[in-house]
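Student: Under the working numbering, residues -3 to 236 are what the sequence shown spells out, in order. Each residue gets a CB set at the ideal place from its N, CA and C atoms; glycine is no exception. Note that the coordinates shown come from a computational prediction; the quantities given were computed from them, not determined experimentally.
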Amino acid sequence: MNDNANLWKKLSEPFEDKELELLAKYTGKKDSDNKVPKTAYKSCSECGGYHPFPCIHLTYVGHAGITDRLNSIGPENWSWEPMALDSLGQPLMTNGGMWIWMTVLGKKLPAYGDAGGKAVDGKTAGNAIKEVIGDAIRNGAMRFGVGTYLWSKSEKAKDMLEDDEPPAASKPSFKPDKLGALRKATSEYLKANPDTDGKEVQAFIESHVGCPISQMDDGQLQEAIGLLREPAILDHDIEF
-3 MNDNANLWKK LSEPFEDKEL ELLAKYTGKK DSDNKVPKTA YKSCSECGGY
47 HPFPCIHLTY VGHAGITDRL NSIGPENWSW EPMALDSLGQ PLMTNGGMWI
97 WMTVLGKKLP AYGDAGGKAV DGKTAGNAIK EVIGDAIRNG AMRFGVGTYL
147 WSKSEKAKDM LEDDEPPAAS KPSFKPDKLG ALRKATSEYL KANPDTDGKE
197 VQAFIESHVG CPISQMDDGQ LQEAIGLLRE PAILDHDIEF
């Protein structure tokens, strides 16, 4: 395996549980002003935050974690630049966001970032623009294989929100090392089966174990790991 192949592999490795963060997304109804009711806010024992309930938690890696992963292959091996400049020579903002070119190991791809609806001009523009840059780098890194298994999970959660599907009433606890082992097994499976994507693997696991990965206990996580490591699964094409 050449040096670049090793670096690409390093980029796509699963993150350690200590590097992961939780983002709460409200799934309840809004009031007549289309705002989240103040009475919905409570302290959360799962993520440690103070946010409205009911909600679903999305697992993600923050800007610092993504930057650390990119730097792990050598700061000289990646860069980003705005796709266009405005009349003042500053990065061009469009619709509250920015298009960038991101280059990793000599490969150049487009990416887009925004600040989640925050204004990129006025008194608070500085913080919003930093969010735009961070979001663009995260999106760009995903296109190069960084944390794609987490993005697959987030997309599923997003679909639930759009369909107004309520979150599970409770989430059984699990040991972080078991979840990390499942992520590692999934990564190995995807490398051995390049024609299969993360969503198919997730659907396969959940259909066989009988519940969403986010709700699996230790025993179910171990069962899921075993499914992905069975030679019969790895050596044959499967219709998920």
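(1) Starting from the Cα of Lys104, find the closest Cα among Ile221, Ile133, Gln86 and Ile52 and give me that residue.
(2) Put Lys103 into one of helix, strand or coil per three-state DSSP.
(3) With DSSP as the reference, please indicate the residues paired to Glu17 in a beta bridge.
(4) If you compare alpha carbons, which of Glu12, Lys187 and Leu66 is closest to Gly237?
(5) With DSSP collapsed to three states, give me the class of Leu7.
(6) Is it right to say Met212 is buried, meaning 16 or more other beta carbons lie within 10 angstroms of its own, or is it exposed?
(7) Between which two residues does the alpha helix (DSSP H) containing Lys126 stretch?
(8) What is the DSSP secondary structure of Ile221, reduced to helix, strand or coil?
(9) Tell me which residues share the same chain as Tyr22 and place their Cβ nearer than 6 Å to its Cβ, disregarding the 5 neighbours each side in the sequence.
(10) Within 10 angstroms of the Cβ of Ala80, are there 16 or more other Cβ atoms? Answer buried if so, exposed if not.
(11) Starting from Asp64, follow its DSSP beta bridges and name the residues at the other end.
(12) Could you tell me the distance, in whole angstroms, from the CA atom of Glu9 to the CA atom of Ala121?
(13) So what's Asp191 in DSSP terms, helix, strand or just coil?
Tutor: Taking the structure as given:
(1) Counting from one through the sequence shown, the residue named residue 104 turns up at place 108. It is Ile133.
(2) Translated into the one-based positions of the sequence shown, residue 103 becomes position 107. If DSSP states are grouped into helix, strand and coil, Lys103 belongs with the strands.
(3) The sequence position of residue 17 within the sequence shown is 21, counting from 1. Answer by DSSP bridge pairing, in chain order: Tyr56.
(4) Lying before the first or after the last residue shown, residue 237 is absent from the chain, which here runs from -3 to 236.
(5) Walking along the sequence shown from the start, residue 7 turns up at place 11. Residue state, collapsed to three classes: helix.
(6) Looking up residue 212 in the sequence shown gives position 216. Label assigned to Met212: buried.
(7) Within the sequence shown, residue 126 is the residue found at index 130, counting from 1. Segment Ala121 to Arg139, the alpha helix (DSSP H) holding Lys126.
(8) Residue mapping note: residue 221 aligns to position 225 of the sequence shown, counting from 1. Secondary structure at Ile221: helix, using DSSP grouped into helix, strand and coil.
(9) As a working mapping, residue 22 is identified with position 26 in the sequence shown. Val32, Pro48 and Cys51.
(10) Your numbering for residue 80 matches position 84 in the sequence shown. Flag for Ala80 reads exposed.
(11) As a position in the sequence shown, residue 64 is number 68, starting the count at 1. According to DSSP, residue pairing for Asp64 in a beta bridge does not occur.
(12) Taking the first residue of the sequence shown as 1, we reach residue 9 at position 13. Taking the first residue of the sequence shown as 1, we reach residue 121 at position 125. Computed Cα separation, rounded: 34 Å.
(13) In the sequence shown, the residue the question calls residue 191 occupies position 195. Asp191 falls in the coil class under three-state DSSP.
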